[in-house]
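Student: Each position in the sequence shown, counted from 1, maps to that position plus 3 in the numbering used here.
Glycine is no exception: its CB is placed at the ideal position from the N, C-alpha and C atoms.
The structure presented is a predicted model; accordingly, all values stated were derived computationally and were not measured.
Right, I'll just put the structure down here and ask away after.
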Amino acid sequence: MAERGGQAAADGFQYQYLVTLEALLDAAEDRVSGVAAALIEPAITADQDSTDPDAVDFELVDHERTSLHAVQVKSGGSGAEMSAPDAFGILLRMIRARPRARSYQLITNMRLHPKAVQLNRILGMDDPHELRERLQRLLERSRWRQEPAVMSDEDVSRLRRARVSVDLRERFQLRDQLRERMRRLRNEHRSGLGHESAGRLTNYLAFEIHRRASGEFDGLFSLAEFREELLTPGRHLAYELGEFDWGVMVNAVPAPPDVPRPELVGHIRTALTGGRGERAVSTCVVLGPSGIGKTSIAAAYAHDLADSYDHIFWVNGESSASLRASFQSLHDWLLPRNSYDAGADNSRLRDRVRTLLSASARPWLMVIDNVVDRRLLQPWMPTSGRGHVLITSTNQASWATHRARVVVQSMTPDQARTLIRIRLSPDEDWDALSERTASDLAQRLNYWPLAIELACGHLAGCEFGLNEAARYLEQIRDWALDDTASIPDGYPETLVGAIRLALQRLMDKDELQPASTGAAHSLFPAAYFASRQIPIWLLYFSTLMSSDNAIQAGLRHPAVFSPAAKVPFTAHEMHRALRTESLAQRDEPLCTLPQQEWSTAHCEGIDDTISINEIVQHVIRTLAERSSDVPEILSQAAFHAQGWLTAFIEADDEKHLLAVLPHVQSLADHASRLGIATDTLAVMWGNLAGAYVLRGKLDDAREAFENELAYLLTRREPAPLLELKTRTQLADVLRNTGETSAVWLHHLHRARDLAFQLADSRPEDVSLAVANCLTILASHTGRGAAQPEVQTLADDLESLRQRMPGTPHSQAQREIGQITLALSTGRMSDEEVEQRCRSLLEEDSLPRPQRLQVTGLLTEALAFQHRWSDALEHLQALCEYMVEWPLHPQLMARTLHNVGLRVGLAVASGVPECRTAFTVLIGETDPSPAPECRPLLSTLLSMVSHMPAGHLSLEAEVTCMPYKMQTLRLLDAVCDQDHERLRTTHGELADHDSTALARDDEFGWRLLSDAVIASAVSMMLRGA
């Protein structure tokens, strides 16, 4: 049937008003900038010379009513087509009616004729002359054929800002999109909008546009008025409808948690709104161990985003029976007047509910809580409709392939403290002591929600309160966690009981899943590792392979089995079994470097890691320590962990070294706690101490070396080689931590005796140990004469070194010692030092610590030659390494000290005030430096800023480092003539010790300091 004229006109106006509404929404969502209002069917505009008011249907204007965007809307019936001449004529009218508009748009729901498509394409041409010519050819047979030639240049320029937009949406599609956009905008403002209310609001806003089109308010609809109408309070809309038609919760939805966790709610929202089809159900799974807060987070999302859904359904997914009961409630809500057979089977019920959800035009959310098995849930899952499904589960392995997962971990410290305060002190004063006590309690419980709930429940139930938390903390962890009366509502089991049950279930699956028993046993070494980023393959071998078997098999660390290896189960199968019971979670990889940047110790698979919560570890350790197996568990784990650590140290693989170090440290801490000592643990202590030295933690290194040495001295059979290495390294640490020479020389005397004892049987090891001993003694002596005792010891070691075969490492160490001595005594020319440094750096086998040391010595030699550009290149290389890796701070501090003095003197010589000070102090000054000297000072200060203050003083013979580095900062401020920085930096000098600068060997730094301070004071006085 043909459309009557009145119907067509009404349809055209409806379409125009809906398009206008869409443009206002664009402005309200800030998609179009600068818009203050819409003028609808404007009769009065800023273009007073306009004689064609009907040329524009609406325009977006700024606060001055200047037209930003002029629009004409043309609709047509089914099959209608817009020609190029018609489109051109409409655009021409608009640009002449609104010459000041910034852009023009013709919106139509008609198909474009091919020539109209061509017209739209050429409007975007950059060349106006070419545009004019193309228009002439395109319109040569139309009524507008003369127009392109006579158009003014201004009209052509305006026409280039015009476009034709085709909108092929059906009217209902446009309405639905507008409703959804209004819902989204209101939801962002927590206003909410249901299906029926969205339709009411759409009609109301369209009516307001119609009023203005009819001449009311001079056609003006300000953006502020539009937003006010759009965000009208939800209670007003509900009053109109008689009830709220959004955010309705069906079944027993838990209350929102007392402590919000917005970051997790945000992750869920992102996962559920990730852009699937309009009628494809998005699903997100919230995963985590029992008691971590999954249900609370799902409830928080449901309450927080209630405005986004018309209905929120809560389903118990624990069993088939609970699923059926929940779905029956959903059916009764969706069809309350339908007499559904309650005895119908599950398939009929779930199919009926899924059909009802698929047919619903209203957005809904279904939360399926506590899903034990994905296969059990699968038949019940809605797959079609305008809905989202949120699932909580402990079975991470079952959902490993699911696209959208949110893994729940512990609370943040702030969240945990807030929870403790709510539980234990909701109405009482909360002072600083309470805050500290709560922080300690939360930290000791690893910020685990259920553990905190159990602990607080016990304290509150016993009326102990927070003040007694410290006294009862250990008891709480051991026995209050197993107190069922302390469990808060909604938790079916105690935390400890859940962990023990999961462990037993793994044991019971042995016949069906061989990896399960391995997984159960792996929890025991895992309980003694750090909780995060436990390498799967390290845990695998720590569980299954003893040190004797590993040595017999020639196992090289870090080890993995290839996929072709014939083993009862793989590390990943073991991991899967752990995740099935949520006793472990997949964690961040150890390293994400591209393969071309891997070290020689980096092989495929070693980066895969898991995490195990500390509470789980505590429970497992408690079980383990009731038996006599702990020494074996710790020793086996220590063998493999220290093997990984050593491999990464030898491969200069700092990233993996730092990642594995916490696990070795954790094993050592537990061994010390339990008083367990074995050969394997002793070796691990030594390697751990070496890693501590690399990180500048000399006190920790000392403790580890002393633990190792104490065990070696009580061993039934002596271990002279281990003792030699331990005493040598311990002596160096003791010297650098400020012990008197009598303390550490004792260890070097014993090392000398052991070296002579082992010279014939272990010549290479002895050669390296002797080289290290001589380096320690040379550093201690410096430029001065050695004490008789020290000289005798050095002579003995030197005589032994001369008859020992040299190794590449010991030879390099000896060469470095000679270079170091030459730089301080001048026994070599700077050019010779440079050459020897470059020769050493050409050796690919030079270990990373020695390479860094030689680079620092080369920089120093170049600085002595005033070759600042060359020195800067090597100093920047050290700076880049230092910024990325917190290793070898002793080497870096020595470079800062020695290069800093040379650079500081050179820079100061270029400052007039400093040159005057030098002349006063010593009667002369160095020549002015080259301009490229200053960047070295900036690089040095950058290095200082990245080094912890304590690391500046790790070398015994490098004194007053904080004061010296502050002097360089003051010099930098002097160079910049920055008076504010001068005052601040000069004032902070007094905070640092400078006593040692009075020594004769500190003349250079004393001179630099005096000159810089005098210059700073002079500048500050003049500036004042």
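1. On the three-state DSSP scale, how would you describe His1108?
2. Along the alpha helix (DSSP H) that carries Thr546, what are the first and last residues, could you check?
3. May I ask you to verify whether the segment 789 to 801 touches the segment 835 to 847, counting CB pairs closer than 8 angstroms and requiring at least 3?
4. So Ala522 and Leu509 are in contact, right, with Cβ under 8 angstroms, and what is the actual spacing, rounded?
5. Rounded to a whole number of angstroms, what is the C-alpha to C-alpha distance between Pro723 and Thr998?
6. Say whether the segment 693 to 703 touches the segment 951 to 967, bearing in mind that this needs 3 or more beta-carbon pairs closer than 8 angstroms, one atom from each stretch.
7. Does any heavy atom of the ligand MN sit closer than 8 angstroms to the C-beta of Val370?
8. What whole-angstrom Cβ distance do Asn112 and Gly79 have, given they're in contact under 8 angstroms?
9. Are the beta-carbon atoms of Gln620 and Ala707 separated by less than 9 angstroms?
10. Are at least three pairs of beta-carbons, each pair with one atom in the segment 437 to 449 and one in the segment 414 to 429, less than 8 angstroms apart?
11. Tell me which same chain residues have a C-beta within less than 8 angstroms of the C-beta of Gln599, skipping the five on either side of it?
12. On the DSSP bridge list, what partners appear for Ile43?
13. Which full runs of the alpha helix (DSSP H) of 4+ residues lie inside the segment 634 to 701, going along the chain?
14. Can you confirm whether the segment 971 to 978 touches the segment 881 to 889 when touching is taken to mean that 3 or more C-beta pairs between the two stretches lie within less than 8 angstroms?
15. Roughly how many angstroms lie between the CA atoms of Arg3 and His749, to the nearest whole one?
16. Among Phe91, Ala302, Val38, whose alpha-carbon lies nearest the alpha-carbon of Glu228?
17. Curious, which full-length alpha helix (DSSP H) runs of at least 4 residues does the segment 816 to 867 contain?
18. Report the start-end ranges of each beta strand (DSSP E) in the segment 565 to 625 that is 3 residues or longer and not cut off at the edges.
19. Excluding the 5 residues flanking Leu1028 on each side, which residues of the same chain have their C-beta closer than 6 angstroms to its C-beta?
20. Drop a sphere of 10 angstroms on the beta-carbon of Ser848, count the other beta-carbons inside from all chains shown, and report buried for 16 or more, exposed for fewer.
21. Roughly how many angstroms separate the alpha carbons of Leu526 and Ile623, rounded to a whole number?
22. Pairs of beta-carbons, one from the segment 396 to 416 and one from the segment 254 to 272, closer than 8 angstroms: are there three or more?
23. Nearest to Thr286 by CA position, among Leu275, Gly296, Ser293, Gly294, is which residue?
24. Does the pairing of the segment 634 to 642 with the segment 860 to 877 give three or more beta-carbon distances under 8 angstroms?
25. Whose C-beta lies closer than 7 angstroms to the C-beta of Arg984 among residues of the same chain, with five residues either side of it excluded?
26. Which of the three DSSP states is assigned to Asp1004 in this structure?
27. Note down the Cα distance separating Thr612 from Tyr107, rounded to an integer number of angstroms.
28. How close, in whole Å, do the beta carbons of Ala87 and Gln121 come, if the pair is a contact with beta carbons under 8 angstroms?
29. DSSP three-state label for Glu720, please.
30. Leaving out five residues before and five after Thr23 in sequence, what residues of the same chain have Cβ atoms less than 7 angstroms from its Cβ?
31. Would you call Tyr242 buried or exposed, if buried means 16 or more other Cβ atoms sit within 10 Å of its Cβ?
32. Exposed or buried, Asn552, counting other C-beta atoms within 10 Å across all chains shown (16 or more means buried)?
33. Under the rule that 16 or more other beta-carbon atoms within 10 Å means buried, what is Val153, buried or exposed?
34. Under 9 angstroms, do Val262 and Met414 count as touching if we go by C-beta distance?
35. Where does Asp3 land, buried or exposed, given buried means 16+ other C-beta within 10 angstroms?
36. Thinking C-alpha only, which one of Asp29, Glu792, Leu771, Leu824 is nearest Gln805?
Tutor: Judging by the given coordinates:
1. The structure shown has nothing for residue 1108, since the chain only spans 4 to 1027.
2. Its alpha helix (DSSP H) spans residues 539 to 547.
3. Touching, no, given that fewer than three Cβ pairs across the two stretches are closer than 8 angstroms.
4. Correct: roughly 5 angstroms between the Cβ atoms.
5. Roughly 42 angstroms separates the two Cα atoms.
6. Using a Cβ-Cβ distance cut-off of 8 angstroms, the segment 693 to 703 and the segment 951 to 967 are in contact, since at least three pairs of beta carbons, one from each stretch, lie closer than that value.
7. For the structure depicted, the ligand MN is absent and the ligand set is empty, with no information on it obtainable.
8. The Cβ separation is near 7 angstroms, so the contact holds.
9. Going by beta carbons, Gln620 and Ala707 fall outside the 9 angstroms limit.
10. The segment 414 to 429 and the segment 437 to 449 touch, with three or more beta-carbon pairs separated by less than 8 angstroms.
11. Closer than 8 angstroms at Cβ, skipping near neighbours: no residue.
12. Answer is Phe61, bridged to Ile43.
13. Correct list: 657 to 677, 682 to 697.
14. The segment 881 to 889 is not in contact with the segment 971 to 978.
15. This structure cannot speak to residue 3, because the chain is shown only from 4 to 1027.
16. Scanning Phe91, Ala302, Val38 for the CA closest to the CA of Glu228 turns up Val38.
17. Given a length threshold of 4 residues, each whole run of the alpha helix (DSSP H) inside the segment 816 to 867 is given here in chain order: 833 to 844, 851 to 867.
18. Counting only runs of 3 or more residues that sit fully inside the segment 565 to 625, the beta strand (DSSP E) segments are 588 to 590, 612 to 614, in chain order.
19. Not covered by the structure: residue 1028. The range shown for the chain is 4 to 1027.
20. Exposed, because fewer than 16 other Cβ atoms sit within 10 Å of the Cβ of Ser848.
21. Rounded to the nearest angstrom, the two C-alpha atoms are 7 angstroms apart.
22. By the Cβ test, the segment 396 to 416 is in contact with the segment 254 to 272, since at least three Cβ pairs between them sit closer than 8 angstroms.
23. Of the candidates Leu275, Gly296, Ser293, Gly294, Leu275 places its Cα closest to the Cα of Thr286.
24. By the criterion of at least three beta-carbon pairs nearer than 8 angstroms, the segment 634 to 642 is not in contact with the segment 860 to 877.
25. Contacts found: Ala976.
26. Here DSSP, grouped into helix, strand and coil, assigns Asp1004 to helix.
27. Each residue's Cα considered, the two are about 58 angstroms apart.
28. Confirmed, about 7 angstroms.
29. Glu720 carries a coil assignment under DSSP once its states are collapsed to helix, strand and coil.
30. Excluding sequence neighbours, Thr23 sits near Ala41, Ile43, Phe61, Ile212.
31. At Tyr242, the pLDDT of 46 sits below 50, so the modelled position is not reliable; the number obtained from the coordinates is stated separately. By the 10 Å Cβ count, Tyr242 comes out exposed.
32. Its Cβ having fewer than 16 others within 10 Å, Asn552 is exposed.
33. Classification of Val153: exposed, given that the 10 Å Cβ count is below 16.
34. Going by C-beta atoms, Val262 is nearer than 9 angstroms to Met414.
35. In the structure as shown, the chain begins at 4 and stops at 1027. Residue 3 is therefore absent and cannot be evaluated.
36. When only C-alpha atoms are compared, the closest one is Leu771.
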